[in-house]
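Here the structure is laid out as structure tokens; the discussion comes afterwards.
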Amino acid sequence: MDHQLRRIHRETARVLRERLAPAVSRVVGAALTRHIDRRRPTPANAAPAPGPTSPADHASAADPTGATPASSGSGDRPSGSPASGPTGIATPQASAGIPTPQTTADPRRPTRGLYLHRAFRLPLGRTLRYHVYARGIRWDRPVGVVVYLDGDYWVPAQSRVHQPTGATMLRLGAIASARNLVLIAVDTPDRRYSKEGFTWWVRARANGRVLRVAARLARRRLPVDPARTWVMGYSGGAEFLTFDLLAHRAPAWLRGGAIMVAGGGTRATPQPPPEAAAHLPLHWWIGQADGSPDSSGPLWSAQAAAAEGIRAYRRAGWRGIVRHELPEVKHTDYDLPGILRATLDDAGLRPRGTR
Numbered sequence: 021m022d023h024q025l026r027r028i029h030r031e032t033a034r035v036l037r038e039r040l041a042p043a044v045s046r047v048v049g050a051a052l053t054r055h056i057d058r059r060r061p062t063p064a065n066a067a068p069a070p071g072p073t074s075p076a077d078h079a080s081a082a083d084p085t086g087a088t089p090a091s092s093g094s095g096d097r098p099s100g101s102p103a104s105g106p107t108g109i110a111t112p113q114a115s116a117g118i119p120t121p122q123t124t125a126d127p128r129r130p131t132r133g134l135y136l137h138r139a140f141r142l143p144l145g146r147t148l149r150y151h152v153y154a155r156g157i158r159w160d161r162p163v164g165v166v167v168y169l170d171g172d173y174w175v176p177a178q179s180r181v182h183q184p185t186g187a188t189m190l191r192l193g194a195i196a197s198a199r200n201l202v203l204i205a206v207d208t209p210d211r212r213y214s215k216e217g218f219t220w221w222v223r224a225r226a227n228g229r230v231l232r233v234a235a236r237l238a239r240r241r242l243p244v245d246p247a248r249t250w251v252m253g254y255s256g257g258a259e260f261l262t263f264d265l266l267a268h269r270a271p272a273w274l275r276g277g278a279i280m281v282a283g284g285g286t287r288a289t290p291q292p293p294p295e296a297a298a299h300l301p302l303h304w305w306i307g308q309a310d311g312s313p314d315s316s317g318p319l320w321s322a323q324a325a326a327a328e329g330i331r332a333y334r335r336a337g338w339r340g341i342v343r344h345e346l347p348e349v350k351h352t353d354y355d356l357p358g359i360l361r362a363t364l365d366d367a368g369l370r371p372r373g374t375r
């Protein structure tokens, strides 16, 4: 009898976790977001956020090269042993056979500046939600892209992507646009709540297929130069980049570089790069106070993950690896706009009008 009661208890707990937790997370997250929005002062240089279906102009920050960007922290991180993702999403067919996706807005060049809360519905039955920061882009000149992937979150208030007019996101957009790069901040398409919250990395293979299809379709509509296309991931977003996007043959549209902040480990040996991507710049940015690099305990360590990823990618033949160590920086202390600016400057992508 005791054995049966324990089994019933475990099964009941499992059902509650899987079915009740996502609903509770959505309700609590919505309440927290409303509370934060009421209390957060509106930035002096930003217009009110548009509705979910209306693109609107927002004044972005001036060229940020001489200013000190706001520190950004969210408390998100991947933890524990990563779970293997499902294989329920079929491998995309050749782009010629994929129909045009539906979007909630005109998907042509975003000349009006800042588009928030966009939805990109894919033929796979999945949806990517994203924001586009493109104010000041010169479409008559070579245009690039920075795709930004944030870390794990349990409620929307923990995610920068869910705070698109916050200081961090506006400064990331301004730094990119000053170099004629469009910033696209993408939320994870994985709506299956896990013990890690909502993540890019837990089901990395499935999320990677979705992102690749979206990128291929977007390239048909935006005149983007692959040599000026970058990806940037923080924490769980960095883990996704090295778990999947770079590990299984770097996509042809990515020839600018990749920026991994506070993460970037491996699950398996990455594939050798194609010759065209062998020298692709791979930048790991790690805080010296972000976990012990020799920790063998249950706590996840960004230092250990980065060291593991760097070793694996070097062994696989990637020759553009750069490691940056930031003294006294903890997991929630990274200056993401400053990191983006320094990396792009190092690659020779400086603001227009400067050398």
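Using our numbering, the first residue of the sequence shown is number 21, and each one after it goes up by one. C-beta atoms are modelled at their ideal positions from N, C-alpha and C, and glycine is treated no differently.
Given this structure, state the Cα-to-Cα distance separating residue i from residue j, to the nearest angstrom.
i	j	result
PRO209	ARG339	31 Å
GLY186	VAL251	20 Å
ARG264	TRP159	The amino acid at residue 264 is misidentified as Arg; the sequence shows Asp. Cα to Cα, ASP264 sits roughly 31 Å from TRP159.
HIS182	GLU216	17 Å
THR147	ASN227	11 Å
VAL152	ASP172	20 Å
ALA336	ALA267	10 Å
ASP245	GLY193	18 Å
LEU169	THR249	14 Å
ILE359	THR188	12 Å
Could you check if residue i is buried or exposed, using at least 16 other CB atoms within 10 Å of its CB as the buried criterion?
i	result
GLN308	exposed
THR374	exposed
HIS299	exposed
PRO184	buried
LEU136	buried
LEU15	This structure cannot settle anything about residue 15, because the visible part of the chain is limited to 21 through 375.
PRO243	exposed
ALA296	exposed
ARG240	exposed
ALA196	buried
GLU345	exposed
LEU289	Before going on, a small fix: residue 289 reads as Thr here, not Leu. Looking at its Cβ environment, which holds fewer than 16 other Cβ atoms inside 10 Å, THR289 is exposed.
GLY368	exposed
Which residues in the same chain have their Cβ closer than 6 Å to the Cβ of residue i, if we skip the five residues on either side of it in sequence?
i	result
ALA326	GLY284, TRP304 and ILE306
Note down, in chain order, each residue of its chain lying with its Cβ closer than 8 Å to the Cβ of residue i, except the 5 sequence neighbours on either side.
i	result
GLU348	GLY307, GLN308 and ALA309
ARG372	ARG158, ALA198, ARG199 and ASN200
LEU302	LEU266, GLY277, ALA278, MET280, TYR333, TRP338, GLY340, ILE341 and VAL342
What would DSSP say about residue i, mapped onto helix, strand or coil?
i	result
ASP245	strand
HIS182	helix
THR286	coil
ALA367	coil
LEU300	coil
VAL163	strand
SER197	helix
Between residue i and residue j, how many whole angstroms is the CB-CB distance? I'm expecting something under 8 Å.
i	j	result
TRP273	ALA235	5 Å
Please work out which residues of its chain come closer than 7 Å, Cβ to Cβ, to residue i, disregarding the five sequence neighbours upstream and downstream, and give them in chain order.
i	result
LEU376	What the structure shows of the chain is the stretch from 21 to 375, and residue 376 is not part of that stretch, so it cannot be assessed.
Does the ligand PLP have even one heavy atom less than 8 Å from the beta-carbon of residue i?
i	result
ARG149	For the ligand PLP, the structure offers nothing, since it holds no ligand at all.
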